[in-house]
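Each number in the numbering used here corresponds to the 1-based position in the sequence shown with 2 added. Take a look at the structure set out below.
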Amino acid sequence: MGKTAVITGAGRGIGAAIAKRLAKDGFDIAVNELTEGSGAQTVEECKALGVKAAAYAADVSDYAQCEEMVKKIKEDFGTIDALVNNAGITRDGLLLRMTEENYDSVIRINQKSVFNMTKFVGAVMLRQKSGSIVNLASVAGLYGNPGQMNYSASKGAVIAMTKTSAKELGSRGIRVNAVAPGFIQTPMTDKLTDEQKNAILAQIAMKRYGQPEEIANVVAFLLSDDASYVTGQTIEISGGLSM
Ligand code: NAD
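Structure, rendered in structure tokens:
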């Protein structure tokens, strides 16, 4: 295929599922992870699917590290055709108990990372006059969620950034969309209490949690030519959490 996809935070969870799905579709894969070695398993699994893959350790909330990483990926792969801004964290707590540090770190990692990566990869795509970007938002960014003032703020911002970058880059053939997952079974949600999990389940029309692959399928569609006239949109993938 000769096309390259960059996926941030792709060492596990939804990011790893997206990397493997895009590898199946024939993309060469640049796996970003926070620490050296934590992207290795995803790289091996992508290579086993017959494509080129490599890992890049960088903190996506750090502007200079993103600039350096994108430069290296461009040198190694030649083009960057798809970007998935997936890396994210939660630091939940009710408003009056939430620390400033937990507020700031979630905004930095979930929100500023999207600015950093879209800016540097966007510059590459602008020169190519083609490319497609998908941002991981959340139902918390659409509807809010108690205990997630920081997280819902960051994901609401990601939805607004998706629209702004779609408007800025659209005339140059670059599409930008977002997905808003509901409750997906990953290490991020494993840490919720049974009480919290059951309360969420009660609100889901399909009465089950989502799997990372069910997010990856929609991301792959949005990145593909099948979605060639779709930009600036946020697709909720929540089993009918809210309608
Ligand atoms: P996860 O915690 O399982 O994986 C996230 C990955 O991001 C980890 O491998 C982590 O090392 C990496 N990461 C964290 N900070 C990073 C940084 N600064 N730089 C580079 N990598 C970093 O989470 P997940 O459930 O797979 O979530 C993936 C995305 O989907 C996140 O943006 C999350 O907010 C979003 N999301 C998840 C759910 C869900 O139910 N799991 C729901 C809605 C949205």
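For glycine and all other residues, C-beta sits at the position ideal for the given N, C-alpha and C. Since this is a predicted model, take the numbers as computed values, not measurements.
ALA42 classed as buried or exposed, judged by whether at least 16 other C-beta atoms fall within 10 angstroms: exposed
Leaving aside the five residues before and after ILE97 along the sequence, list all residues of the same chain whose C-beta is less than 7 Å from its C-beta, in chain order. Reading off the sequence shown, one finds Leu at residue 97, where the question assumed Ile. So the qualifying residues of the chain are MET151.
So, ASN219 versus ARG23, is the Cβ gap smaller than 8 Å? yes
Is LYS76 buried or exposed, if buried means 16 or more other CB atoms sit within 10 Å of its CB? Buried.
Residue from ASP192, SER173 and VAL178 whose Cα sits closest to the Cα of ALA222: Minimum Cα distance to ALA222 is reached at VAL178.
Can you give me the start and stop residues for the beta strand (DSSP E) that LEU85 sits inside? 84-87
Give the straight-line distance between the Cα atoms of ASP196 and ILE202, rounded to the nearest whole angstrom. 10 Å
Limits of the beta strand (DSSP E) - the one that LEU138 falls within: 133-138
Strand pairing of ASN152, partner residues [DSSP]: Per DSSP, none; premise fails for ASN152.
Environment of MET163 [buried if 16+ CB atoms lie within 10 Å]: Within a 10 Å sphere around the beta-carbon of MET163 sit 16 or more other beta-carbons, which makes this residue buried.
Given a threshold of 16 other Cβ atoms within 10 Å of its Cβ, counted over all protein chains shown, does TYR231 qualify as buried or as exposed? exposed
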